[in-house]
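*Asks:*
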């Protein structure tokens, strides 16, 4: 396994606390801490043709890499009324260009379509959106003191090509020669593949078959004890974007591109690996790289600064029906991309802070800050389930991803 270094971490115990159900919050309330969110009325399309260059409001984020389908909360537009915010979002098409600042030669990011917003009592506007398309940043424009805009080129996502022949059966069972004859020992052997006009047979084409790669990844994850959290995930059957669906829906019914982005956003990787995947234009190449990372992944999760072991991948679990990772906003407006864990090696962490329920990302949980006991690097937060007057019932750990 790769080195899944931890930046921001959270952990939570999944045990029910009152006998009425799970402690896991629903996905719909993932950003309830921002206030009552209002919908944005979109009048422009959010999906743009590949190769097109557009100018969008530019948002730089540290330690955050978004893939299409990821959610993002932000604080923007200070000191503006609800009507002004709604008009401004609609006027700009509701699209933002979000870039991870930790890049050097070329900058890549994703467009984010603003879906909801809330204007608080402090005149700060919180918005939530969904990442849509990848882009390359071509130029930065300083339009005024408050607005930074960027010229971005929408990148293509080359879908897997269809195979030049039907997928053949892979096993053959020898039949009895005569009716009523005693059963003969049978042997299963590969069925001879049909001749094709190409230079390569199916086994070669399979290396570039999107459905076959999705199936191979599914089998790898479902067969490993380190990925138990995918199987244990309980979701709304009506939701099309659930973890169970992504791993149990037959590969022939999956969209390989959507699956590749979902997987890239839901396994522990360091920032360099996430940026590498974001830059890949080909779905097949992205799936091949993800499979390599899965097969090379270690069972331990380490501190990003000093590499002290902190947890195991089998301790990953999901607090929402969106996945084990998530992007959250603190009261100061800082964005944190997180990974949730059920348990950590507490002897290697420092949790010497008081619990607080203020602006908790998960209703019913009090949070406290976690640091690495060796280098005091900020790891994330511990969330404790509460009942009554801050009585600890169960706990979880959220790590900066």
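Numbering (UniProt numbering), first residue to last: 1 to 401.
Backbone N, C-alpha and C define an ideal beta-carbon position, used for all residues, glycine too.
These figures come from a predicted structure and were not determined experimentally.
Cutting at 7 Å between CB atoms, please list the residues of its own chain near residue 284, excluding the five before and the five after it.
*Replies:* The sequence position of residue 284 within the chain shown is 284, counting from 1. Within the same chain, residue 284 has close Cβ partners 160, 208, 210, 213.
*Asks:* Please state if the CB of residue 386 and the CB of residue 352 are separated by a distance shorter than 8 Å.
*Replies:* Taking the first residue of the chain shown as 1, we reach residue 352 at position 352. Taking the first residue of the chain shown as 1, we reach residue 386 at position 386. Against a cut-off of 8 Å, the Cβ pair of residue 386 and residue 352 comes out as no contact.
*Asks:* Just verifying my parser: in three-state terms, what is the DSSP assignment at residue 139?
*Replies:* Numbered from its first residue, the chain shown carries residue 139 at position 139. Of the three classes helix, strand and coil, the one that applies to residue 139 here is strand, per DSSP.
*Asks:* How would you write the range of the beta strand (DSSP E) that residue 73 sits in, first residue to last?
*Replies:* Here residue 73 corresponds to residue number 73 of the chain shown, with the count starting at 1. Element bounds for residue 73: 71-76.
*Asks:* Count the other CB atoms within 10 Å of the CB of residue 260; is the residue buried (16 or more) or exposed (fewer)?
*Replies:* Working through the chain shown from its first residue, we reach residue 260 at position 260. Residue 260 is buried by the Cβ-count criterion.
*Asks:* When DSSP builds the beta bridges, which residues end up paired with residue 59?
*Replies:* By one-based count along the chain shown, residue 59 stands at place 59. Its beta-bridge partners are 98.
*Asks:* Going by beta carbon distance, what residues of the same chain come within less than 6 Å of residue 217, once the five residues before and after it are set aside?
*Replies:* Residue mapping note: residue 217 aligns to position 217 of the chain shown, counting from 1. For residue 217, where only same-chain residues beyond five positions count, the Cβ hits under 6 Å are 291.
*Asks:* Just the Cα atoms here: how many angstroms apart are residue 31 and residue 151?
*Replies:* On the chain shown, residue 31 is found 31 positions in, with the first residue counted as 1. On the chain shown, residue 151 is found 151 positions in, with the first residue counted as 1. C-alpha separation (whole angstroms): 30 Å.
*Asks:* With a threshold of 6 Å on Cβ separation, who are the neighbours of residue 177 within its own chain once the five nearest residues in sequence on each side are excluded?
*Replies:* Residue 177 sits at position 177 when you count from the first residue of the chain shown. Low confidence applies here, because residue 177 scores a pLDDT of 37, under 50, leaving its location unreliable and the question unanswered by this model.
*Asks:* For residue 346, tell me which candidate among 369, 269, 39 has the shortest Cα-Cα distance.
*Replies:* What you label residue 346 is simply residue 346 of the chain shown in a count that begins at 1. It is 369.
*Asks:* Determine, using beta carbons only, whether residue 161 comes closer than 8 Å to chain B.
*Replies:* Looking at the structure shown, chain B is missing, and only one protein chain is on hand.
*Asks:* Could you tell me which residues DSSP pairs with residue 153 in its beta bridges?
*Replies:* In the chain shown, residue 153 corresponds to position 153, counting from 1. According to DSSP, residue 153 bridges with 53, 136.
*Asks:* In the DSSP assignment, find the alpha helix (DSSP H) that holds residue 214 and state where it starts and stops.
*Replies:* Numbered from its first residue, the chain shown carries residue 214 at position 214. Taken as a continuous stretch (DSSP letters only), the alpha helix (DSSP H) holding residue 214 covers 210-222.
*Asks:* Please state whether DSSP places residue 287 in a helix, a strand or coil.
*Replies:* The sequence position of residue 287 within the chain shown is 287, counting from 1. In this structure, residue 287 counts as helix in the three-state DSSP scheme.
*Asks:* Taking residue 403 as part of the beta strand (DSSP E), name the residues at either end of that continuous run.
*Replies:* This structure cannot speak to residue 403, because the chain is shown only from 1 to 401.
*Asks:* Taking 8 Å as the threshold, find out whether the region 250-267 comes into contact with the region 42-57 through three or more Cβ pairs.
*Replies:* Because the criterion of three Cβ pairs below 8 Å is not met, the region 250-267 and the region 42-57 do not touch.
*Asks:* Could you give the residue range of the beta strand (DSSP E) that holds residue 262?
*Replies:* As a first step, residue 262 must be located in the chain shown, where it is residue number 262. First-last for residue 262: 256-264, but that is the alpha helix (DSSP H), not the beta strand (DSSP E).
*Asks:* Excluding the five sequence neighbours on either side, which residues of its own chain have a C-beta within less than 8 Å of the C-beta of residue 52, listed in chain order?
*Replies:* On the chain shown, residue 52 is found 52 positions in, with the first residue counted as 1. Cβ within range, chain order: 153, 154.
*Asks:* Specify the secondary structure class of residue 115 as computed by DSSP and reduced to three states.
*Replies:* Numbered from its first residue, the chain shown carries residue 115 at position 115. The answer is strand: DSSP assigns residue 115 an E or B state.
*Asks:* Going by alpha carbons, who is nearest to residue 341 out of 380, 374, 123, 65?
*Replies:* Position 341 of the chain shown holds residue 341. The shortest C-alpha separation from residue 341 is found at 380.
*Asks:* So residue 262 and residue 69 are in contact, right, with Cβ under 8 Å, and what is the actual spacing, rounded?
*Replies:* For the purposes of this step, residue 262 is taken as residue 262 along the chain shown, with counting starting at 1. For the purposes of this step, residue 69 is taken as residue 69 along the chain shown, with counting starting at 1. Confirmed, Cβ separation roughly 6 Å.
*Asks:* When burial is assigned at 16 or more other CB atoms within 10 Å of the CB, is residue 76 buried or exposed?
*Replies:* Mapped onto the chain shown, residue 76 falls at position 76. By the 10 Å Cβ count, residue 76 comes out buried.
*Asks:* Within the continuous beta strand (DSSP E) that includes residue 436, where are the two ends?
*Replies:* Given that the chain is displayed from residue 1 to residue 401, the structure contains no residue 436 and the question cannot be resolved.
*Asks:* Is it buried or exposed for residue 95, if we count other Cβ within 10 angstroms and need 16 for buried?
*Replies:* Counting from 1 along the chain shown, the entry for residue 95 is found at position 95. Under this definition residue 95 is a buried residue.
*Asks:* Below 8 Å on the Cβ atoms is my guess for residue 33 versus residue 361; work out the distance and round it to an integer in Å.
*Replies:* The residue labelled residue 33 in the question sits at position 33 within the chain shown. The residue labelled residue 361 in the question sits at position 361 within the chain shown. Contact holds; Cβ gap of about 6 Å.
*Asks:* Just the Cα atoms here: how many angstroms apart are residue 314 and residue 140?
*Replies:* As a first step, residue 314 must be located in the chain shown, where it is residue number 314. As a first step, residue 140 must be located in the chain shown, where it is residue number 140. Taking the straight line from one Cα to the other gives about 42 Å.
*Asks:* Span of the alpha helix (DSSP H) holding residue 205?
*Replies:* Mapped onto the chain shown, residue 205 falls at position 205. It spans 202-205 - the alpha helix (DSSP H) in which residue 205 sits, taken as one unbroken run.
*Asks:* Distance, Cα to Cα, residue 202 vs residue 280?
*Replies:* As a position in the chain shown, residue 202 is number 202, starting the count at 1. As a position in the chain shown, residue 280 is number 280, starting the count at 1. Roughly 25 Å between the two C-alpha positions.
*Asks:* Considering Cα atoms alone, identify which of 282, 113, 372 is closest to residue 308.
*Replies:* Taking the chain shown and counting its residues from 1, the one referred to as residue 308 is at position 308. Of the listed residues, the one whose Cα sits closest to residue 308 is 372.
*Asks:* Relative to the C-alpha of residue 136, which residue among 339, 119, 337, 111 is closest?
*Replies:* The residue given as residue 136 occupies position 136 in the chain shown. Looking at the Cα atoms, 111 is the closest of the given residues.
*Asks:* Straight-line CA distance for residue 56 to residue 264?
*Replies:* Locating residue 56 in the chain shown gives position 56, counting from the first residue. Locating residue 264 in the chain shown gives position 264, counting from the first residue. Straight-line Cα distance between these residues: approximately 25 Å.
*Asks:* Based on DSSP bridge pairs, tell me the residues matched to residue 385.
*Replies:* Taking the first residue of the chain shown as 1, we reach residue 385 at position 385. In DSSP, residue 385 forms a bridge with 365.
*Asks:* If you run the structure through DSSP and keep just helix, strand and coil, what is residue 347?
*Replies:* To locate residue 347, count along the chain shown from 1; it is residue 347. It is helical.
*Asks:* Check this for me: beta carbons of residue 306 and residue 382, under 8 Å apart or not?
*Replies:* Position 306 of the chain shown holds residue 306. Position 382 of the chain shown holds residue 382. Against a cut-off of 8 Å, the Cβ pair of residue 382 and residue 306 comes out as no contact.
*Asks:* Note down the Cα distance separating residue 157 from residue 318, rounded to an integer number of angstroms.
*Replies:* Here residue 157 refers to the residue found at position 157 of the chain shown. Here residue 318 refers to the residue found at position 318 of the chain shown. C-alpha separation (whole angstroms): 28 Å.
*Asks:* Exposed or buried, which one is residue 384 when buried takes at least 16 other CB atoms within 10 Å?
*Replies:* Counting from one through the chain shown, the residue named residue 384 turns up at place 384. Counting Cβ neighbours within 10 Å, residue 384 comes out buried, since at least 16 surround it.
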